[in-house]
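Residue numbers (our numbering): 5 to 454. Ideal Cβ placement from N, Cα and C applies to all residues, glycine included. As the structure is a prediction and not an experimental result, all values here were calculated from the model.
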């Protein structure tokens, strides 16, 4: 309603609600209220949320048509010329395609995770601000991270000139407030921006929220990763075609091994291909998600079934300023309890945990975000892991992110979770093979085909 009122009067706004309070859904509601003939909307988002936006729009507003603007340059030009209600692109893509938008005008532009344009001098910021639109809204859980200039830059997008020029803003507000601690100017700025910035934190609306919010985030496989996946999938299909009847039951473990290889490629091909140097789309998604959650003031647990994947994540994290604890099957029981206590007291940003080793028995309510790097066959095992944070003593809503490789076996595993919901109580086990054994031959074969 707040966004609708601002839009009606020609104003923009910053929706700065805390993570997990439904900023995406509120934007979709705005699209539904403003839809009409010849009205087009644009969403600019980080790469990690590209497919999440598409899925959420299909889920909550199926009547609205969407068009992703992604892929090769020639393809993107064709996509932006394809009729649709809502176009969805990324900051990096938009800055490369900005000439394609020169003759276009949108009803509303949404800049998601708008801290991506906090520096007004970057190409990201300049590109988003140059798109023609009647209304502009920014979504961000962190409108100010390091300086007031970041706030000015976002306002320069939603309502150019409202907070003056960058030079005058520094003179009127930033210098007096930051350098001289001038509370009168701070209050003046607060009053000036208050009508156009809405921020609610989970504590404000805790009674109205579910205790746990679960979201799937989709990663696109990188080109070399996609080639490897396609080659191994083709081989697995060939092997499967040779198996029938009683032989299928006897070869279930071999089939499970081929499924595991496909899952490993989705995570990172380096898990079983020595010397692989071409990166992983899901690793990039994980690092972006970690950055986004930590910069929003949240602390996270990250689970993976593969300790070799956790080792890769440790290497990536060691190149950042983020701190973490690590736990796998080799971690002594006493050390586990000590690390859990230290983490709950506020030490370090992140806890990397082997799903099988740390999915039960730990109290880690110091985190309110859970990241599942790879979906496991049995959803109950994943739920038990999420409950390390979502348990007695947790005073905050827990946000659970499932990282999923798009158009792969991982999507089929999640679909299988939904299909098997009535069965999970009978198959609760830390051994995923037990769950496989309860699947029919048809269900297993379907995992290898679209």
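Own chain residues within Cβ distance below 8 Å of residue i, not counting five before or after
| i | result |
| --- | --- |
| residue 90 | 35, 44, 45, 46, 47, 61, 68, 69, 70 and 71 |
| residue 134 | 102 and 105 |
| residue 200 | 10, 15, 16, 17, 18, 159, 162, 163 and 166 |
| residue 127 | 99 |
Contacting residues, own chain, Cβ-Cβ under 7 Å from residue i (five flanking each side not counted)
| i | result |
| --- | --- |
| residue 203 | 20 and 21 |
| residue 300 | 23, 145 and 146 |
| residue 155 | 147 and 148 |
| residue 152 | 177, 178, 181 and 182 |
| residue 38 | 11, 111 and 112 |
Spatial distance of residue i from residue j (CA atoms)
| i | j | result |
| --- | --- | --- |
| residue 447 | residue 333 | 31 Å |
| residue 307 | residue 293 | 13 Å |
| residue 349 | residue 363 | 20 Å |
| residue 236 | residue 273 | 11 Å |
| residue 431 | residue 387 | Because residue 431 carries a pLDDT of 32, less than 50, the predicted location of this residue cannot be relied on, and the following value inherits that uncertainty. In a straight line, the C-alpha of residue 431 is about 13 Å away from that of residue 387. |
| residue 42 | residue 373 | 40 Å |
| residue 65 | residue 180 | 46 Å |
| residue 75 | residue 391 | 38 Å |
| residue 409 | residue 419 | 13 Å |
| residue 352 | residue 311 | 20 Å |
| residue 191 | residue 345 | 40 Å |
| residue 407 | residue 449 | 23 Å |
| residue 17 | residue 327 | 34 Å |
| residue 84 | residue 73 | 6 Å |
| residue 421 | residue 356 | 24 Å |
| residue 58 | residue 139 | 21 Å |
| residue 157 | residue 263 | 47 Å |
| residue 143 | residue 25 | 12 Å |
| residue 259 | residue 341 | 37 Å |
| residue 305 | residue 379 | 15 Å |
| residue 383 | residue 265 | 20 Å |
For residue i: DSSP bridge partner residues
| i | result |
| --- | --- |
| residue 221 | 407 |
| residue 112 | 45 and 139 |
| residue 455 | No information on residue 455 is available, as it lies outside the stretch 5 to 454 that the chain covers here. |
| residue 376 | 307 and 406 |
| residue 202 | 19 |
| residue 216 | 402 |
Residue span of the alpha helix (DSSP H) that contains residue i, given as start and end
| i | result |
| --- | --- |
| residue 71 | Note, residue 71: premise wrong, no alpha helix (DSSP H); beta strand (DSSP E) at 70 to 72. |
| residue 289 | 285 to 299 |
| residue 100 | 95 to 101 |
| residue 26 | No alpha helix (DSSP H) contains residue 26, which DSSP labels as neither H nor E. |
| residue 244 | 227 to 245 |
| residue 181 | Residue 181 -> no alpha helix (DSSP H), and no H or E assigned at all. |
| residue 56 | 54 to 64 |
| residue 148 | No alpha helix (DSSP H) contains residue 148, which DSSP labels as neither H nor E. |
| residue 67 | Note, residue 67: premise wrong, no alpha helix (DSSP H); not H, not E. |
| residue 82 | 77 to 84 |
| residue 484 | Absent from the structure is residue 484, since the part of the chain shown begins at 5 and ends at 454. |
Residue i - DSSP class collapsed to helix/strand/coil
| i | result |
| --- | --- |
| residue 264 | helix |
| residue 155 | helix |
| residue 277 | coil |
| residue 90 | strand |
| residue 171 | helix |
| residue 451 | coil |
| residue 381 | coil |
| residue 132 | helix |
| residue 390 | helix |
| residue 189 | helix |
| residue 122 | coil |
| residue 361 | helix |
| residue 163 | coil |
| residue 367 | coil |
| residue 13 | coil |
Enclosing beta strand (DSSP E) for residue i [first to last residue]
| i | result |
| --- | --- |
| residue 335 | Element bounds for residue 335: n/a, residue is neither H nor E. |
| residue 19 | 17 to 19 |
Same chain, Cβ closer than 6 Å to residue i, neighbours up to 5 away in sequence not counted
| i | result |
| --- | --- |
| residue 247 | 255 |
| residue 241 | 452 |
| residue 316 | 272 |
| residue 171 | none |
| residue 51 | 94 |
| residue 131 | 98, 99 and 102 |
Near the ligand NAP: residue i beta-carbon under 8 Å from a heavy atom
| i | result |
| --- | --- |
| residue 325 | Looking at this structure, you won't find the ligand NAP or any other ligand, since it has none at all. |
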